[in-house]
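Same order as they appear, the protein sequences are chains B, E, H and V.
Residues 81 to 290 (the working numbering) make up the first sequence, in order.
Residues 81 to 290 (the working numbering) make up the second sequence, in order.
Residues 81 to 290 (the working numbering) make up the third sequence, in order.
Residues 81 to 290 (the working numbering) make up the fourth sequence, in order.
All C-beta atoms in this analysis are idealised placements derived from N, C-alpha and C, irrespective of residue type, glycine included.
For reference, the structure discussed in these notes is given below.
4 protein chains.
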Amino acid sequence: MQNTDGLQRSETAPDRSLAVPDRLLSVATRLFAEHGFERTSVQELVAAAGVTKGAMYHYFTSKDDLLYAIYQRVLSMQMQRLNGFAAAEGPVRDRLREAAVDVVHTTVDNLDDTRIFFRSLHMLSADRQTAVRKERRQYHERFRAMIEEGQSQGVFRTDVPADIAVTQYFGAVHHLSTWYHADGELTGTQVGTYFADLFLAGLRPEAAAG
Amino acid sequence: MQNTDGLQRSETAPDRSLAVPDRLLSVATRLFAEHGFERTSVQELVAAAGVTKGAMYHYFTSKDDLLYAIYQRVLSMQMQRLNGFAAAEGPVRDRLREAAVDVVHTTVDNLDDTRIFFRSLHMLSADRQTAVRKERRQYHERFRAMIEEGQSQGVFRTDVPADIAVTQYFGAVHHLSTWYHADGELTGTQVGTYFADLFLAGLRPEAAAG
Amino acid sequence: MQNTDGLQRSETAPDRSLAVPDRLLSVATRLFAEHGFERTSVQELVAAAGVTKGAMYHYFTSKDDLLYAIYQRVLSMQMQRLNGFAAAEGPVRDRLREAAVDVVHTTVDNLDDTRIFFRSLHMLSADRQTAVRKERRQYHERFRAMIEEGQSQGVFRTDVPADIAVTQYFGAVHHLSTWYHADGELTGTQVGTYFADLFLAGLRPEAAAG
Amino acid sequence: MQNTDGLQRSETAPDRSLAVPDRLLSVATRLFAEHGFERTSVQELVAAAGVTKGAMYHYFTSKDDLLYAIYQRVLSMQMQRLNGFAAAEGPVRDRLREAAVDVVHTTVDNLDDTRIFFRSLHMLSADRQTAVRKERRQYHERFRAMIEEGQSQGVFRTDVPADIAVTQYFGAVHHLSTWYHADGELTGTQVGTYFADLFLAGLRPEAAAG
DNA sequence: TATGAATGAGCGTTCATTCAT
DNA sequence: GATGAATGAACGCTCATTCAT
């Protein structure tokens, strides 16, 4: 969760208080998001992190490994949050709304990670791409399960597959990284509320057909 | 509109009946979508297109130029289609629905272009990124204008900004390239219909709040 | 003798009244002098001359051939002028002085040619380098003969070989292209007069030893 | 001061006792002098030096950088020697004569550097050309100051600007690289003595006019 | 733990020249 | 005479990774 204040700083000195692996992860996230994975050389990376190449290769087996570590961090964070909302008490409509707002809010707070996530997945080794997709699918399924819960309760429309609704919603969320700016008019929570409003309105049973 | 049948073929021989620039464009679209822009070398590209490097540089000033040509082609095609729906007769709700279905259908028919569009925009030179973003913005604004038209007629809810609705919808559309497979269960039109249903249901005035 | 007015103009349009070969020669002289032979591409050359590549290769067998043509033009011009002074009437001291002034003046009027001459000789094919050196040697020998004539008359010192004196003088002349500017304080004739003064003073018999 | 014996050897094995950067510098000086800067490929260079391309780019940022390093080495060496003569005791005429002989001797001992110096200056980046010209100018001014010292003492003629005399002399010196051969009749010191004789004779006050 | 010199395969691009028309 | 598409070899340079210390 580097850059939690939402500011993009190009020449930020690395936080020397962080341990070497964390410093690398934090700097890599910023640089990969700014210039892209393939345009960021290991040399740039270690220079920006204030460590040597040797040190980097001591903690990460490859540049790819560093990228994978970024993926893992964001995947586990998102899954953890979603589990919180899914397992909470209360009507499924409310829990879904909260989860929907939260995923926008969290995405906006970690825009660099999201930008990397969708732009650089194909740069990961085949094995790791598979692993990431698998975790991602589990995340989607957890979300879908909430919709299906609502559908079986008659709270959500059933004429559109839950899968489609999830995919549509996450598509919009992922796309945030291409247009959202922290210094724009809307906060992450405001965007999340709008998004969730549209999403849940779309799911209302009586809304079918149009 | 290469790949109109939706099949991904890795070792397809280039269509020798096409002129050299078109052949390059077609092959580049396939390879950039399959392996990514930076993982596709100019050498691979020209070998797959059955031309020499010299020939490629005779028609395109750089690899970047080839990428930009792909962007131009897809941008102009999309804008042309949208203009058709926007300028048609009939209630705005119907025109918006048709445009919303069509953009999904067209995206699914040109999944390679879309995959490249969002994955490789950051690989374009700064000038060209700006040019692409500008054209893209115009496209969004054309779509937004239809929503605003409906809002002023009382057909669509006004408590969510039209901008947010557009962004959310196109986010979902762009995301298609990360999960849609032509050989899956749903056709492009089916997905488009579901997407448009959810989208328009979300916009209905009485749907507000939830 | 392009650029006879001494002005350096980077974007001069080619003189369309000149025949194609002359136009190429004139443009090539300017571009080779400005950017160097190897930094000037055939494409640039023909574009600047307003002809096509095919036309160029119709008149010159290669880029090297174009360079050689420049060498021949300047060599024959210099030799012709020197012959004029050498064959004239009057004391050898006067004829040598006039030739010495003239070679500076002519060099200054054709600075582009001189710049190319010494900078790009090694870019010529081996055969042509030999040919150029041979012609150049003949030129030197013609000049040296005048000095030897003066030495045998007792007009010039004999304790320094005529060869050394010639080489020293032409070294200085060639070097003009690295420092002389047409818009500086001195005209070509002024520089020539100073050079000839120093040169002839150095050759006076009583000047020996110092 | 590579090549101190004055022999040109095309296939000399690199001196493996030298450190990698020195080996590259030494080999580059020989190759650039033999074939010219642009005709010498980095591949040839590193093969001749017995290192890999990667190693070369570890020490030099570019081929241009290697060329610049050669310029720096020769510039600093020349300036150092001139300063020695200029700052010495004794009549200015003697000091100037010694400096004039020495610059010939040194040039002859480092003919490769001199050949590169004047042939390839235009291949250097604009910034570096400026830097080299500036250092060169300082060198000239140091030399000129000695002549002006003699002029103000009445030892040298004043009817020819000191600047002209310096330029003429160095022109001749630089030109050595186009004709002097170590295996010819004259040693560097002999040529230097002749050159200095002519030069100083030309500067004698009573020699004016002729 | 950490260094940084060295590797070597591969990159995008240039360019003088050819040749069917 | 003149065209310009096409060639193909070579170019300068980058870079993730290794390894002796």
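- The beta-carbon of B:Y274 is placed less than 7 Å from the nearest beta-carbon of chain E.
- Taking a Cβ-Cβ cut-off of 9 Å, the neighbours of B:M203 in chain E comprise G116, E118, R119, given in sequence order.
- Between V:A149 and V:M226 the beta-carbon gap is near 29 Å, outside 8 Å, which marks them as no contact.
- Distance from the Cα of V:L191 is smallest, within the candidate group V:D263, V:A276, V:T273, for V:D263.
- Shown in chain order are the members of the region 154-186 of chain B whose Cβ falls below 9 Å from a Cβ of chain E: R173, R177.
- Pairing H:M159 with H:Y249 gives a Cβ-Cβ distance that is not under 7 Å.
- Within the region 91-174 of chain H, the runs of alpha helix (DSSP H) at least 4 residues long that lie entirely inside it are, in chain order, 100-115, 122-129, 133-139, 143-166.
- In the three-state reduction of the DSSP assignment, V:Q231 falls in the helix class.
- Burial state of H:H202 is buried, judged by a 10 Å Cβ sphere holding 16 or more other Cβ atoms.
- Of all residues in the region 222-252 of chain E, the ones placed with a Cβ closer than 9 Å to any Cβ belonging to chain B are R237, D239, V240, P241, I244, A245, T247, Q248, Y249, F250, G251, A252, in chain order.
- Distance from the Cα of H:F198 is smallest, within the candidate group V:P171, V:L256, V:G268, for V:L256.
- With a 10 Å radius around the Cβ and a threshold of 16 neighbouring Cβ atoms, H:G164 comes out exposed.
- Out of H:R195, H:V107, H:S205, the CA that lies nearest to the CA of V:R119 is found in H:S205.
- Of the residues E:L98, E:Q233, E:T238, the one whose Cα lies closest to the Cα of E:P171 is E:Q233.
- Distance from the CA of H:V253 to the CA of H:Q231, rounded to the nearest whole angstrom, comes to 22 Å.
- V:R237 is a Cβ neighbour of V:L283, given a cutoff of 7 Å.
- At least one C-beta of chain B is nearer than 7 Å to the C-beta of E:H255.
- One Cα belongs to B:D277, the other to B:M157, and the distance between them is close to 24 Å.
- For the region 207-223 of chain B, the set of residues with a beta-carbon nearer than 8 Å to any beta-carbon of chain E is empty.
- In this structure, V:Q209 is the residue among V:A281, V:Q209, V:T273, V:F140 with its C-alpha nearest to the C-alpha of H:T258.
- In this structure, the alpha-carbon of E:R161 lies about 38 Å from that of B:L147.
- Going by beta carbons, B:A129 and B:L105 fall outside the 7 Å limit.
- According to the DSSP assignment, V:T247 belongs to the alpha helix (DSSP H) that extends over 242-259.
- Counted as a single uninterrupted DSSP element, the stretch harbouring E:D239 is not any alpha helix (DSSP H), since DSSP gives it neither H nor E.
- Using a CB distance cut-off of 7 Å, H:R110 does not count as an interface residue toward chain V.
- Listed by position along chain B, the residues whose Cβ is nearer than 8 Å to that of E:V271 are I244.
- Distances from the alpha-carbon of B:T186 to those of B:L98, B:P101, B:L280, B:T267 put B:T267 closest.
- Look at the region 186-198 of chain V: the residues with a C-beta under 8 Å from a C-beta of chain H are F198.
- Between the alpha carbons of V:D193 and V:A113 lies a distance of about 7 Å.
- Under the DSSP assignment, V:T269 falls in the alpha helix (DSSP H) whose first and last residues are 268-283.
- DSSP places E:S200 inside the alpha helix (DSSP H), whose first and last residues are 191-200.
- Closest in C-alpha terms to E:H138, from the list H:Q123, H:Q152, H:M136, H:K143, comes H:Q123.
- When DSSP states are grouped into helix, strand and coil, V:L176 belongs to the helix group.
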